[in-house]
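Q: Here you go, one structure.
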Amino acid sequence: HDSFFALGGHSLLAVQMIDQLRRRGVRLAVQDLFKTPVLSALARRLTPLDESPVPDNLIPKNARCITPEMLPLVSLTQPEIDRVVASVQGGVQNVQDIYGLSPLQDGILFHHLLATQGDPYLLVGQMAFNDRRSLDRYLAALQRVVARHDILRTGFVWQGVTVPVQVVWREAPLAIGELTLDPADGPIGRQLAE
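FYI, the working numbering numbers position 67 of the sequence shown as 70, with every residue one higher than the one before it.
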């Protein structure tokens, strides 16, 4: 009858507990834990995982076009699919999958469109490297991470379609540009931010 948080629970432990419950076939949403932190009450709210199968990806690597039948998770017309594909660098051969946004992604898109200056989900950071070799190794490692994780190769398309979609690119090369900055023009960090 104790509270998860009174027992020392925190966000990292919450994520770990939710993952262990999922592995045991039980669903628990983070918001349910915050709404019902008393463990005995929380246990009564647990539900079995919905074992709905996720359909296979029907877009082959060598596809010359993508048709509505290849997209079981979203309903788009052929002209809409063609507009989505046209937004992808490399065209149809670089489209791994297309499907609708999750509720969280819908919220991200909403806030992006609502923003009048900047993007609330855009994070900016700066790093320094001792030499060019270290920078090149970092960029190569980052490219490998992008190649490995679909979410880092996923973009949203909302213009020209009846429902916003996410598009997973097969390949998303990092866009790398080089600038030459002069310390006489002010602090380098400020110049980079500008």
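We put the beta carbon where it would ideally sit given N, CA and C, even for glycine.
Would V77 and G103 qualify as a contact pair, given that the criterion is a beta-carbon distance under 7 Å?
A: Residue 77 sits at position 74 when you count from the first residue of the sequence shown. Residue 103 sits at position 100 when you count from the first residue of the sequence shown. Yes. Within cutoff.
Q: Mind checking whether L31 and L42 have CB atoms under 7 Å apart?
A: On the sequence shown, residue 31 is found 28 positions in, with the first residue counted as 1. On the sequence shown, residue 42 is found 39 positions in, with the first residue counted as 1. In this structure, L42 does not lie closer than 7 Å to L31 by Cβ.
Q: So, helix, strand or coil for I21, using DSSP?
A: By 1-based counting over the sequence shown, the position of residue 21 is 18. Reduced to three states, the DSSP call for I21 is helix.
Q: Sort out for me which residues DSSP pairs Y141 with in a bridge.
A: Counted from its first residue, the sequence shown places residue 141 at position 138. Note: Y141 sits in no beta bridge, so no partner.
Q: Go ahead and label A196 buried or exposed: buried means 16 or more other beta carbons lie within 10 angstroms of its beta carbon, across all protein chains shown.
A: What you label residue 196 is simply residue 193 of the sequence shown in a count that begins at 1. Label assigned to A196: exposed.
Q: Just how far apart, CA to CA, sit V18 and E174?
A: In the sequence shown, residue 18 corresponds to position 15, counting from 1. In the sequence shown, residue 174 corresponds to position 171, counting from 1. So the two alpha carbons sit approximately 30 Å from each other.
Q: Give the DSSP bridge partners of R30, in chain order.
A: Translated into positions along the sequence shown, residue 30 becomes position 27. R30 is bridged to T50.
Q: With distances taken Cα to Cα, identify the nearest neighbour of A89 among I69, L145, G11.
A: Against the sequence shown, residue 89 aligns to sequence position 86. With distances taken between Cα atoms, A89 lies closest to I69.
Q: Taking the alpha-carbon positions, what's the V168 to A187 distance?
A: In the sequence shown, counting from the first residue as 1, residue 168 sits at position 165. In the sequence shown, counting from the first residue as 1, residue 187 sits at position 184. Computed Cα separation, rounded: 46 Å.
Q: Applying the 10 Å Cβ sphere with the 16-neighbour rule, what's the burial state of D139?
A: On the sequence shown, residue 139 is found 136 positions in, with the first residue counted as 1. Around the beta carbon of D139, fewer than 16 other beta carbons lie within 10 angstroms, which makes this residue exposed.
Q: Any idea what DSSP makes of F37, helix, strand or coil?
A: Here residue 37 is taken as the residue at index 34 of the sequence shown, counted from 1. Correct three-state label for F37: helix.
Q: Name the one or two DSSP bridge partners that T183 has.
A: Start at 1 with the first residue of the sequence shown, and residue 183 comes out as number 180. Beta-bridge analysis with DSSP links T183 to no other residue.
Q: When you compare the CB of R156 with every CB in chain D, is at least one pair closer than 7 Å?
A: No chain D appears in the structure shown, which is made up of a single protein chain.
Q: How about V171 and R156: are their beta carbons less than 7 Å apart?
A: Numbered from 1 along the sequence shown, position 168 holds the residue referred to as residue 171. Numbered from 1 along the sequence shown, position 153 holds the residue referred to as residue 156. Taking a C-beta distance under 7 Å as the contact criterion, V171 and R156 qualify as a contact pair.
Q: Rounded to the nearest angstrom, what separates V166 and D85 at their Cα positions?
A: As a position in the sequence shown, residue 166 is number 163, starting the count at 1. As a position in the sequence shown, residue 85 is number 82, starting the count at 1. Whole-angstrom Cα-Cα distance: 14 Å.
Q: DSSP three-state call for D100: helix, strand or coil?
A: Taking the sequence shown and counting its residues from 1, one reaches residue 100 at position 97. Correct three-state label for D100: strand.
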